[in-house]
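First up is the structure itself, then whatever we jot down about it.
Numbering (the numbering used here), first residue to last: -3 to 453.
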């Protein structure tokens, strides 16, 4: 079977893997309250249903990205569907909380296989300008998963129990297993890949400690001893990881990739883009409902223009020069964040829709183009590794962006309430504070983009 004749079918199967991985990443948190009731546990305990998946997935992205360079990506990706579906099935039928946590780690392994190899499969199938278009579509699918996850999860919870939240991942994974095994290209780019076990363990502990510190900082306190201890553990293990990788015969991460400024600065820009835009993406529903008094349905409709214009823009501009799109996208994201700082207690619907459109267009220009720039700067025999690194930076940014945004918002809001402000005033001022912090991240992100744009690949 010629790849050229079925490349969009290959894209569909691959994007499905990315979709379910990101869908699960974002949807389960809506069921945490129901799970806490079912197992009679505090929310602080059941948050590990979400964190265990995120930590395992993020920690293994680089490992499976590198593994994809030396084994059949067809078999590896099909295996990812099988592992993810098995984890979802075990999660939905878990008889106790311990089994549920184990099942979520299994899902995290499957999600890491799928997400770490999706970009390398797509970039290997599509060439030239069509690659930018395909990566734009893939970015749109990933974004669509994150945006639709709460509504899908809410519908399943209202229709059934918390166990239903795992039905989409289970059904779609098992349905995609055979098509992946038959249609996907082998995609092996290296004759033999040695697995760096020590590097994998060091990276897992380092990334897990970092994400754990970021996740717990809002409840423990940023300057608490426990947060500091986790941060120190993360720093120590990441230092050991870097030293080990520079000496390893078959490194998990080839640091020569980071010697290319365009690769380094584009990955940093990708990671920081999430703390930049998430103060609006994550906090806007709080503003809409607590300050404006909108219903959850209207809030969802106000967010919809962001997703629609993301999809349309990503498709329409996929063939334009990626570096220019990357720069223009972050400018628009920053402008959108700044515009939202003027949203008050009586903001007109049309103004909110207009600002969401600006944010959606900006994100659509930035996200697919930065993926293209990163992969275009990568040697062919390292695309799997580069895809894993890209996914590692992206998912670290997503996790950090979510936690930091909520932490900034809630801390400022509680301080305002303690100072005598009413709920609406406190929520509005906290929303604006989070937005200004997001603008700060966007400016730092923009400096990295400028460095990447000015660099010749």
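By construction, the Cβ of each residue, glycine as well, lies at the ideal position given by its N, Cα and C atoms.
Residue nearest to residue i in terms of C-alpha spacing, selected from the options
i           : options            : result
residue 385 : 11, 199, 450, 290  : 199
residue 169 : 107, 180, 158, 258 : 107
residue 257 : 34, 41, 451        : 451
residue 162 : 145, 177, 296, 172 : 145
residue 65  : 426, 411, 382      : 382
residue 76  : 355, 138, 177      : 177
residue 268 : 173, 280, 395      : 395
residue 290 : 203, 321, 333, 343 : 343
residue 80  : 139, 165, 54       : 165
residue 35  : 134, 78, 158       : 158
residue 55  : 96, 132, 67, 208   : 208
residue 179 : 6, 447, 152, 347   : 6
residue 397 : 331, 287, 211      : 211
residue 407 : 422, 393, 226, 229 : 422
residue 310 : 134, 97, 41, 74    : 134
residue 426 : 414, 415, 410, 416 : 410
residue 67  : 38, 109, 98        : 109
residue 140 : 413, 388, 18       : 18
residue 52  : 147, 100, 82, 41   : 100
residue 318 : 88, 446, 148, 73   : 446
residue 402 : 281, 89, 225       : 281
Residue span of the alpha helix (DSSP H) that contains residue i, given as start and end
i           : result
residue 120 : 93 to 121
residue 450 : Per DSSP, residue 450 belongs to no alpha helix (DSSP H) and is neither H nor E.
residue 351 : 345 to 372
residue 342 : Run containing residue 342: none; DSSP gives neither H nor E here.
residue 401 : 379 to 414
residue 257 : 257 to 277
residue 454 : Look at the range of the chain in this structure, -3 to 453, and you will see that residue 454 is not part of it.
Cα-Cα separation, residue i to residue j
i           : j           : result
residue 32  : residue 391 : 26 Å
residue 312 : residue 71  : 33 Å
residue 232 : residue 367 : 29 Å
residue 509 : residue 175 : Since the first residue of the chain shown is -3 and the last is 453, residue 509 is not available in this structure.
residue 514 : residue 248 : Within the shown structure, residues of the chain are numbered from -3 to 453, placing residue 514 beyond reach of any answer.
residue 94  : residue 85  : 15 Å
residue 130 : residue 357 : 17 Å
residue 436 : residue 399 : 17 Å
residue 449 : residue 316 : 14 Å
residue 405 : residue 279 : 8 Å
residue 355 : residue 245 : 44 Å
residue 125 : residue 136 : 17 Å
residue 155 : residue 304 : 26 Å
residue 254 : residue 260 : 5 Å
residue 320 : residue 439 : 17 Å
residue 350 : residue 369 : 29 Å
residue 444 : residue 132 : 21 Å
residue 286 : residue 91  : 37 Å
residue 250 : residue 424 : 45 Å
residue 454 : residue 243 : Lying before the first or after the last residue shown, residue 454 is absent from the chain, which here runs from -3 to 453.
residue 43  : residue 348 : 32 Å
residue 38  : residue 128 : 45 Å
residue 193 : residue 223 : 28 Å
residue 252 : residue 234 : 17 Å
residue 417 : residue 334 : 24 Å
Heavy atom of the ligand NAP within 7 Å of residue i beta-carbon
i           : result
residue 119 : In the structure shown, the ligand NAP is absent, as is every other ligand, since no ligand is present at all.
query = Are three or more beta carbon pairs between the region 112 to 122 and the region 60 to 68 nearer than 8 Å?
reply = Flag = yes, the region 112 to 122 and the region 60 to 68 touch.
task = Could you tell me whether the region 428 to 439 touches the region 335 to 343, using the rule of 3 or more Cβ pairs below 8 Å?
result = In this structure the region 428 to 439 lies against the region 335 to 343, because at least three pairs of beta carbons, one per stretch, are closer than 8 Å.
ask   = With a cut-off of 8 Å, do at least 3 Cβ pairs link the region 1 to 15 to the region 40 to 48?
value = Taking 8 Å as the limit for Cβ pairs, the verdict is that the region 40 to 48 does not touch the region 1 to 15.
ask   = Along the chain, which unbroken stretches of the alpha helix (DSSP H) at least 4 residues long are found entirely within the region 286 to 333?
value = Entirely contained in the region 286 to 333, the alpha helix (DSSP H) runs reaching 4 residues are, in chain order, 292 to 312.
Cβ contact (3+ pairs, closer than 8 Å) linking the region 313 to 332 and the region 357 to 369 = Yes, the region 313 to 332 is in contact with the region 357 to 369.
task = Enumerate, from N- to C-terminal direction, the unbroken alpha helix (DSSP H) stretches of 4 or more residues contained entirely within the region 133 to 205.
result = Entirely contained in the region 133 to 205, the alpha helix (DSSP H) runs reaching 4 residues are, in chain order, 163 to 179.
key: Given 8 Å, three or more beta-carbon pairs between the region 297 to 313 and the region 372 to 388   = Not touching, per the Cβ criterion.
ask   = Are three or more beta carbon pairs between the region 263 to 273 and the region 237 to 251 nearer than 8 Å?
value = Contact between the region 263 to 273 and the region 237 to 251 is absent: fewer than three C-beta pairs spanning the two stretches fall below 8 Å.
request  = For the region 218 to 225 and the region 274 to 291, state whether three or more C-beta atom pairs, one from each stretch, are separated by less than 8 Å.
outcome  = With fewer than three CB-CB distances shorter than 8 Å, the region 218 to 225 does not count as touching the region 274 to 291.
request  = Could I get the ranges of all uninterrupted alpha helix (DSSP H) runs contained in the region 37 to 87, with 4 residues as the minimum, in chain order?
outcome  = Listed in chain order, the alpha helix (DSSP H) runs fully inside the region 37 to 87 are 39 to 42, 44 to 63, counting runs of at least 4 residues.
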